[in-house]
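Here is the structure we will look at, set down as structure tokens.
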């Protein structure tokens, strides 16, 4: 009996799954390639009504409409680019999770690479400067100061 | 001294980014421009809400500056917005409605209850015209000039003060 209770509780956890299964859209695809393209497209298109959700992840009515359109356009034989263009024409760049590489997005795409390179160059310069510094011979004056310091330690 | 200044560089970078991100906090993601700005109003062929046998198309929006308001009976904000639209109609603005994702019965009931500032209402039960307009909620309002080009887009509620402060100046601007 004592073991039945945890099992029953675990079974309860499955209930929300049942509720979800009721709302799932069933779509017929002409082969796995189209299904894969559908999955990809609906995961990179952003729901315009939501703060930050892809259309395959949102219950918002507009996300549902957009999924329907993606499906219809795929059935129609359109390319991925054509489908993305279709959405951008209507809803703007906002719906693309990956902004396109254009004049005004150069900074967005380029900056991480530029900063990374800059960091590498900086590290390289620092390492070189440090290596040079430690290899340098002491001047006569420095040598004398060092000897004085060492001797002071000894005499104390 | 110059070498010391270089040490301040990360702090400067941090401050620049901080200002940048702080501004981002106050941006409203729903206040973005329509992708159709300065584009021709999308082509459509739909019946009117009032008369199922009358079909209208995009030529309906030519010849005069028109305010196209996308609404639906299911949309509570549209009810609050109605007095402002009635006000605009009274001030001589031509209004055309798009009854978006609605039934004829509910749409007609809505106009009876809250008033009808529209010259005509385009009936868009499946949201096809709405989709081509990039509408993702209601209300949304588009200002279309006499050549059928979209000139202004208002997402969401038109507040009472927007009538004289925003909408009317835009209408005047595109009238000449």
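Protein chains in written order, with the working numbering: chain A, 858 to 1013; chain B, 93 to 268.
A virtual CB, placed ideally from N, CA and C, is assigned to each residue, including glycine.
No experiment lies behind these values; they were computed from the predicted model shown.
Mind listing, in chain order, the continuous beta strand (DSSP E) runs of no fewer than 3 residues lying wholly within the region 127-170 of chain B?
DSSP runs (the beta strand (DSSP E)) wholly in the region 127-170 of chain B: 137-139, 147-149 and 158-163.
Members of the region 207-237 of chain B that neighbour chain A once the beta carbon cut-off is set at 7 Å
Here the close residues are 219, 223, 224, 226, 228 and 229.
What residues from the region 902-918 of chain A come within 7 Å of chain B, judged by C-beta to C-beta, listed N to C?
When C-beta distances to chain B are compared with 7 Å, the residues of the region 902-918 of chain A below that value are 905, 906 and 908, in chain order.
For the region 243-251 of chain B against the region 227-235 of chain B, are there 3 or more C-beta pairs whose distance is under 8 Å?
Yes, the region 243-251 of chain B touches the region 227-235 of chain B.
For the putative contact between residue 150 of chain B and residue 135 of chain B, defined by C-beta atoms under 8 Å, what is the C-beta separation to the nearest angstrom?
Right, the Cβ-Cβ distance comes to about 5 Å (below 8 Å), so this counts as a contact.
Which of the three DSSP states, helix, strand or coil, is assigned to residue 215 of chain B?
Note: residue 215 of chain B maps to strand in three-state DSSP.
Name the two residues that bound the continuous beta strand (DSSP E) containing residue 116 of chain B.
Note, residue 116 of chain B: premise wrong, no beta strand (DSSP E); alpha helix (DSSP H) at 101-117.
Where residue 123 of chain B falls, given that 16 or more other Cβ within 10 Å makes a residue buried
Exposed is the call here.
Expressed to the nearest angstrom, what Euclidean distance is found between the alpha-carbon atoms of residue 191 of chain B and residue 893 of chain A?
One C-alpha to the other measures close to 36 Å.
Name the chain A residues that come within less than 7 Å of residue 121 of chain B, Cβ to Cβ?
Taking the beta carbon of residue 121 of chain B as reference, the chain A residues within 7 Å of it are 908, listed in sequence order.
List the residues of chain B whose Cβ lies closer than 8 Å to the Cβ of residue 948 of chain A, in chain order.
Result: 127, 226 and 228.
How about the region 189-208 of chain B and the region 113-123 of chain B: do they share at least three Cβ pairs that are nearer than 8 Å?
Remark: fewer than three beta-carbon pairs, one from each stretch, lie closer than 8 Å, so the region 189-208 of chain B and the region 113-123 of chain B are not flagged as touching.
Using a cut-off of 7 Å between C-beta atoms, extract the partners of residue 124 of chain B located in chain A.
Within chain A, the residues near residue 124 of chain B are 949 and 951.
Using the C-alpha atoms, what's the distance from residue 938 of chain A back to residue 958 of chain A?
Their backbone Cα atoms lie some 14 Å apart in a straight line.
Return no unless some Cβ of chain B is closer than 8 Å to the Cβ of residue 978 of chain A.
Proximity of residue 978 of chain A to chain B, defined by a Cβ-Cβ separation below 8 Å, is not satisfied.
Could you tell me whether the Cβ of residue 987 of chain A comes closer than 8 Å to any Cβ of chain B?
Interface with chain B (8 Å Cβ-Cβ cutoff): residue 987 of chain A is excluded.
Helix, strand or coil: how does DSSP classify residue 227 of chain B here?
Residue 227 of chain B: coil per DSSP, three-state reduction.
Any Cβ of chain B within less than 8 Å of the Cβ of residue 927 of chain A?
Chain B places no beta carbon closer than 8 Å to that of residue 927 of chain A, leaving this residue out of the contacts.
Kindly identify the DSSP beta-bridge partner or partners of residue 236 of chain B.
Residue 236 of chain B is bridged by DSSP to B:158 and B:242.
For residue 870 of chain A, collect the residues of the same chain with a Cβ closer than 8 Å to its Cβ; drop the 5 residues on either side in sequence, then sort them by chain order.
If we look at residue 870 of chain A and ignore the five residues flanking it on each side, it has no Cβ neighbours.
Supposed contact pair residue 153 of chain B and residue 133 of chain B - C-beta distance, whole angstroms, cut 8 Å
About 5 Å; that satisfies the 8 Å criterion.
Roughly how far, in whole angstroms, is the beta-carbon of residue 913 of chain A from the beta-carbon of residue 924 of chain A, given that I think they are within contact range, below 8 Å?
A Cβ-Cβ separation of about 7 Å places residue 913 of chain A in contact with residue 924 of chain A under the 8 Å criterion.
Residue 890 of chain A to residue 944 of chain A span [Cα, whole Å]
Each residue's alpha carbon lies about 21 Å from the other.
Let's see if you can read the secondary structure: which residues bound the alpha helix (DSSP H) around residue 951 of chain A?
Secondary structure note for residue 951 of chain A: it is in no alpha helix (DSSP H), with a DSSP letter that is neither H nor E.
Below 8 Å CB to CB, which residues in the same chain sit around residue 169 of chain B once its five sequence neighbours on both sides are set aside?
So the qualifying residues of the chain are 230, 231, 248 and 249.
Any chain B beta carbon closer than 8 Å to residue 984 of chain A:
No Cβ of chain B is located within less than 8 Å of the beta carbon of residue 984 of chain A.
I think residue 953 of chain A touches residue 903 of chain A, with their Cβ atoms under 8 Å apart; what is that distance to the nearest whole Å?
Correct: roughly 7 Å between the Cβ atoms.
Step through the CB atoms of chain B and report whether any lies within less than 8 Å of the CB of residue 933 of chain A.
Judged by the 8 Å Cβ criterion, residue 933 of chain A is not in contact with chain B.
Taking a cut of 7 Å between CB atoms, which residues from the region 952-973 of chain A lie near chain B?
For the region 952-973 of chain A, which is checked against every Cβ of chain B, not one residue is closer than 7 Å.
If you count every other CB in all the chains shown that lies within 10 Å of the CB of residue 899 of chain A, and 16 or more means buried, which is it?
Around the C-beta of residue 899 of chain A, 16 or more other C-beta atoms lie within 10 Å, and the residue is accordingly described as buried.
Measuring only between beta-carbons, confirm whether residue 922 of chain A sits less than 8 Å from chain D.
Any reference to chain D falls outside this structure, whose protein chains are A and B.
Under a CB-based cut-off of 8 Å, is residue 945 of chain A close to chain B?
It does; some Cβ of chain B falls within 8 Å.
Output the boundary residues of the alpha helix (DSSP H) element that contains residue 976 of chain A.
Start and end: 963-992.
Hey, out of B:221, B:253 and B:163, whose CA is closest to residue 148 of chain B's CA?
Out of B:221, B:253 and B:163, B:221 has the C-alpha closest to the C-alpha of residue 148 of chain B.
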